[in-house]
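J.:
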Amino acid sequence: MLSFSMVVFLLIGILFMGLPVAFSLGGTSLLLIALFDLPMKIVGATIFTSLDSFTILSIPLFVLMSQILLDGRIGDDLFDVMNAWVRHLPGGLAIATILACAFFAAITGSGAATAATIGMVAYPAMIERGYDKKFTLGLLAAGGTLGILIPPSIPLILYGSITEESVGKLFIAGVIPGLVLTAFFIVYAVIKSKRGGFTPMEKTSWGERIRVTRKNFWGILLPFIIIGGIYSGAFTPTEAAAVGLVYGLFITLVVYRTLKLSDIPAICLRSVTTSCMIAIIIAGAVLFGRVMTLLMIPQKLTELIISNNFSVLMFIIAMNVLMMILGCVLETVSIVLLTMPLVTPILHALGIDPIWYAIVVTVNMTLALITPPVGMNLYVINSLRKDIRMGDIISGVFPFLLIMILFLILVIAFPGMSTWLPAVMH
9 MLSFSMVVFL LIGILFMGLP VAFSLGGTSL LLIALFDLPM KIVGATIFTS LDSFTILSIP
69 LFVLMSQILL DGRIGDDLFD VMNAWVRHLP GGLAIATILA CAFFAAITGS GAATAATIGM
129 VAYPAMIERG YDKKFTLGLL AAGGTLGILI PPSIPLILYG SITEESVGKL FIAGVIPGLV
189 LTAFFIVYAV IKSKRGGFTP MEKTSWGERI RVTRKNFWGI LLPFIIIGGI YSGAFTPTEA
249 AAVGLVYGLF ITLVVYRTLK LSDIPAICLR SVTTSCMIAI IIAGAVLFGR VMTLLMIPQK
309 LTELIISNNF SVLMFIIAMN VLMMILGCVL ETVSIVLLTM PLVTPILHAL GIDPIWYAIV
369 VTVNMTLALI TPPVGMNLYV INSLRKDIRM GDIISGVFPF LLIMILFLIL VIAFPGMSTW
429 LPAVMH
């Protein structure tokens, strides 16, 4: 395992030099190619094939769609609808925020987009009604994590492209865990709110509920088109992203008129920036995985684990601890792409269901979104207003971290939560 130790220390050294993750992975790969006299031609071929994928094509489409919906203020509409139905309950605004996060997550597949979109409208509303500031900030950051668990999910798309598992099946597997985590957040919000400190809101009349719901019907319909189309087999996840993009353009440009044609170039430019960042990480990570395979490192790791009689539970615990540590310094895309080429052969050797493991990984990655110092959602919420301090966000998100760790344990202990629905539908 000398080569594996060398790889680990080399990668860590390059990361600590301050290079971005994509270039750290690519640079490590090039050094290993030179050190072990591997054919240099694999670089160009691997980078090209890593991005020449129909499945990967869904990522820039989902990114562009989420940016259109963000700028088109569809999140505001979703929040208004949820608020109209639940605002009279204890912690009604908090519940509306969580439900809006879950609904928007079912459209975009992005945790950061969910946190930003719902945060912009929910934060001032909750503060105005007397909700504790730290609780509000923690709720928004944690609610945004639903964006990568409730399908469609960009990490699950990447997982499927690496392991060659059905992305549609992975999406189905994320439905029940996503709903359960949403319910956990709602229960905590109600308990927290019942302790006081907020101003209850009057119950909305049925006429007003119907009016608000009818007004925002087009936006509400979008997640049902995307998810329903995938689950029914009408179209693939990539086709669903394209349909969602066209539909998003239609409702923001024609129906609600919250966007103008002149806004589209700037939206596309911001989306290209995000998509290119993900594409570069994918290219670097796939090249790194290819070099690992040529050096026989995944096979050696598998032999090591089998020879030492590692149980499935021991392996799962070890991997989750490792991913929690990585989540403190890397973003979710990098962690999935970095670990899965090494882990996939071990899953098969130990007889672990890759669909179940995908959900375990994704739930772990939700922790990475709100774990300091590089939790993406922490910075998204911090950027919403100038009066928001990072210390308040971290303090407010801590109870949600504990809830999510408990939820991760439940997902590991009860695999049926992830595997039952795919088994029924396929």
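With my numbering as the guide, the letters of the sequence shown map in order to residues 9 to 434. Backbone N, C-alpha and C fix where the C-beta goes; we use that ideal spot for every residue, glycine too. Because the structure is a prediction, the values reported are computed rather than measured.
Hey, is A120 close to the ligand FAD, as in C-beta under 6 angstroms from one of its heavy atoms?
T.: No copy of the ligand FAD occurs in the structure displayed, which carries no ligand at all.
J.: Relative to the alpha-carbon of A293, which residue among T374, P28 and P381 has its alpha-carbon at the smallest distance?
T.: Here residue 293 corresponds to residue number 285 of the sequence shown, with the count starting at 1. Checked all of T374, P28 and P381; the closest Cα to A293 is P28.
J.: Go ahead and pull the three-state DSSP assignment for K394.
T.: Residue 394 sits at position 386 when you count from the first residue of the sequence shown. The answer is coil: DSSP assigns K394 none of H, G, I, E or B.
J.: Are the CB atoms of L295 and G26 within a distance shorter than 7 angstroms?
T.: What you label residue 26 is simply residue 18 of the sequence shown in a count that begins at 1. What you label residue 295 is simply residue 287 of the sequence shown in a count that begins at 1. Not in contact: G26 and L295 (Cβ atoms no closer than 7 angstroms).
J.: What residue range does the alpha helix (DSSP H) around V262 cover?
T.: To locate residue 262, count along the sequence shown from 1; it is residue 254. That residue, V262, is in no alpha helix (DSSP H); it is neither H nor E in DSSP.
J.: Quick test of your reading: S161 and S61, contact by CB under 8 angstroms. State the CB separation rounded to the nearest angstrom.
T.: For the purposes of this step, residue 161 is identified with residue 153 of the sequence shown, where counting begins at 1. For the purposes of this step, residue 61 is identified with residue 53 of the sequence shown, where counting begins at 1. With a Cβ gap of about 17 angstroms, S161 and S61 do not count as contacting.
J.: Can you name the start and end residues of the alpha helix (DSSP H) that C284 belongs to?
T.: For the purposes of this step, residue 284 is identified with residue 276 of the sequence shown, where counting begins at 1. Run containing C284: I272 to L302, per the alpha helix (DSSP H) assignment.
J.: How close, in whole Å, do the beta carbons of L59 and T36 come, if the pair is a contact with beta carbons under 8 angstroms?
T.: For the purposes of this step, residue 59 is taken as residue 51 along the sequence shown, with counting starting at 1. For the purposes of this step, residue 36 is taken as residue 28 along the sequence shown, with counting starting at 1. Not quite, the Cβ-Cβ distance comes to about 19 angstroms (not below 8 angstroms), so this is no contact.
J.: Quick check on the burial criterion: 16 or more other C-beta atoms within 10 angstroms. Buried or exposed for C284?
T.: Stepping through the sequence shown from its first residue, residue 284 is reached at position 276. It counts as exposed.
J.: If we count the other Cβ atoms within 10 Å of its Cβ and call it buried at 16 or more, is C109 buried or exposed?
T.: Translated into the one-based positions of the sequence shown, residue 109 becomes position 101. Per the 10 Å Cβ criterion, buried.
J.: Return the CA-CA distance between K142 and I235, expressed in angstroms with no decimal places.
T.: As a working note, residue 142 is residue 134 in the sequence shown. As a working note, residue 235 is residue 227 in the sequence shown. Straight-line measurement puts the Cα of I235 at about 33 angstroms from the Cα of K142.
J.: Nearest to V344 by alpha carbon, out of D361, L358, Y365 and I360?
T.: Locating residue 344 in the sequence shown gives position 336, where the first residue counts as 1. Checking every option, the nearest Cα to that of V344 belongs to Y365.
J.: In its own chain, which residues sit with a C-beta less than 8 angstroms from the C-beta of V15, not counting the 5 before and 5 after it?
T.: The residue labelled residue 15 in the question sits at position 7 within the sequence shown. In chain order, T36, L40, M300, L303 and I305 place their CB closer than 8 angstroms to the CB of V15, counting only its own chain and leaving out the 5 sequence neighbours on each side.
J.: Can you look up D45 in the DSSP assignment and give me helix, strand or coil?
T.: Translated into the one-based positions of the sequence shown, residue 45 becomes position 37. If DSSP states are grouped into helix, strand and coil, D45 belongs with coil.
J.: May I have the straight-line CA-CA distance separating L269 from G424, to the nearest angstrom?
T.: Stepping through the sequence shown from its first residue, residue 269 is reached at position 261. Stepping through the sequence shown from its first residue, residue 424 is reached at position 416. If I take the Cα positions, the gap works out to 47 angstroms.
J.: Can you give the Cα-Cα distance for L23 and V198, rounded to whole angstroms?
T.: Taking the sequence shown and counting its residues from 1, one reaches residue 23 at position 15. Taking the sequence shown and counting its residues from 1, one reaches residue 198 at position 190. The straight-line gap from Cα to Cα measures roughly 42 angstroms.
J.: Can you tell which of P163, Y196 and F193 has the C-alpha that lies nearest to the C-alpha of G182?
T.: As a first step, residue 182 must be located in the sequence shown, where it is residue number 174. Nearest C-alpha to G182 among P163, Y196 and F193: P163.
J.: Give a yes or no on whether the minimum CB-CB distance between C276 and chain D is below 7 angstroms.
T.: Structure shown: chain D not included; a single protein chain is present.
J.: Measuring alpha carbon to alpha carbon, tell me which residue in L416, T281, M412 and I402 is nearest L145.
T.: The residue given as residue 145 occupies position 137 in the sequence shown. It is I402 whose Cα lies nearest to the Cα of L145.
J.: So, helix, strand or coil for G83, using DSSP?
T.: Locating residue 83 in the sequence shown gives position 75, where the first residue counts as 1. DSSP places G83 in helix when its eight states are reduced to three.
J.: Does the stretch 93-102 come within contact of the stretch 77-84, defined as at least 3 CB pairs closer than 8 angstroms?
T.: no
J.: Go through its chain and collect everything with a Cβ distance to F232's Cβ below 6 angstroms, but skip five positions before and after it.
T.: Your numbering for residue 232 matches position 224 in the sequence shown. Result list for F232: empty, nothing under 6 angstroms.
J.: Answer with buried or exposed for F112, where buried requires no fewer than 16 other C-beta atoms within 10 angstroms of its C-beta.
T.: Here residue 112 is taken as the residue at index 104 of the sequence shown, counted from 1. With 16 or more Cβ atoms within 10 Å of its Cβ, F112 is classed as buried.
J.: With a CB to CB cut of under 7 angstroms and the five nearest residues on each side skipped, what residues in its chain are close to R298?
T.: Residue 298 sits at position 290 when you count from the first residue of the sequence shown. Counting only Cβ-Cβ distances below 7 angstroms, and skipping sequence neighbours, we find I50 and T54.
J.: Between T125, F70 and F31, which has its C-alpha nearest P159's C-alpha?
T.: Against the sequence shown, residue 159 aligns to sequence position 151. For the residues T125, F70 and F31, the minimum Cα distance to P159 belongs to F70.
J.: Within a Cβ cutoff of 6 angstroms, which residues of the same chain sit near L107, ignoring the five residues on either side of it in sequence?
T.: Taking the sequence shown and counting its residues from 1, the one referred to as residue 107 is at position 99. Taken in chain order, the residues that qualify are M90.
J.: Assuming S342 is part of the alpha helix (DSSP H), what are its boundary residues?
T.: Here the question's residue 342 lines up with position 334 in the sequence shown. Where S342 is concerned, the enclosing alpha helix (DSSP H) stretches over T340 to L358.
J.: Can you find the residues in the same chain that come closer than 8 angstroms, C-beta to C-beta, to T427, ignoring five residues on each side of it along the sequence?
T.: By one-based count along the sequence shown, residue 427 stands at place 419. Once the five neighbours on either side are set aside, the close Cβ partners of T427 are A181, D361, I363 and W364.
J.: Should the stretch 118-126 be called in touch with the stretch 248-263, which here means at least 3 C-beta pairs below 8 angstroms?
T.: no
J.: Going by the beta-carbon positions, is the gap between T444 and L377 smaller than 7 angstroms?
T.: It is not possible to answer for residue 444, since the shown part of the chain is limited to 9 through 434.
J.: Could you give the C-beta distance for T310 and I76, rounded to a whole number, given that I count them as a contact under 8 angstroms?
T.: Along the sequence shown, read from residue 1 onward, the residue named residue 310 stands at position 302. Along the sequence shown, read from residue 1 onward, the residue named residue 76 stands at position 68. Contact flag wrong, Cβ pair sits at about 44 angstroms.
J.: How would you call I316, buried or exposed, if buried means at least 16 neighbouring beta carbons within 10 angstroms?
T.: For the purposes of this step, residue 316 is taken as the residue at position 308 of the sequence shown. Residue identity differs from the one stated: residue 316 is Asn in this sequence, not Ile. By the 10 Å Cβ count, N316 comes out exposed.
J.: Please identify the residue among N224, L392 and A431 whose C-alpha is closest to the C-alpha of R265.
T.: The count along the sequence shown starts at 1 and reaches residue 265 at position 257. Of the listed residues, the one whose Cα sits closest to R265 is N224.
J.: Rounded to the nearest angstrom, how far is the Cβ of I156 from that of M373, given a contact under 8 angstroms?
T.: To locate residue 156, count along the sequence shown from 1; it is residue 148. To locate residue 373, count along the sequence shown from 1; it is residue 365. Yes, I156 and M373 are in contact; Cβ-Cβ is about 6 angstroms, under 8 angstroms.
J.: Here's a check: name, in chain order, each residue in its chain whose Cβ is nearer than 6 angstroms to the Cβ of K202, leaving out the five neighbours to either side.
T.: Within the sequence shown, numbered from 1, the residue matching residue 202 stands at position 194. Excluding sequence neighbours, K202 sits near P98.
J.: Considering only residues of the stretch 116-158, which uninterrupted alpha helix (DSSP H) runs meet the minimum length of 4 residues and lie entirely inside it, listed in chain order?
T.: For the stretch 116-158, the full-length alpha helix (DSSP H) segments reaching 4 residues or more read 119-136 and 141-152 along the chain.
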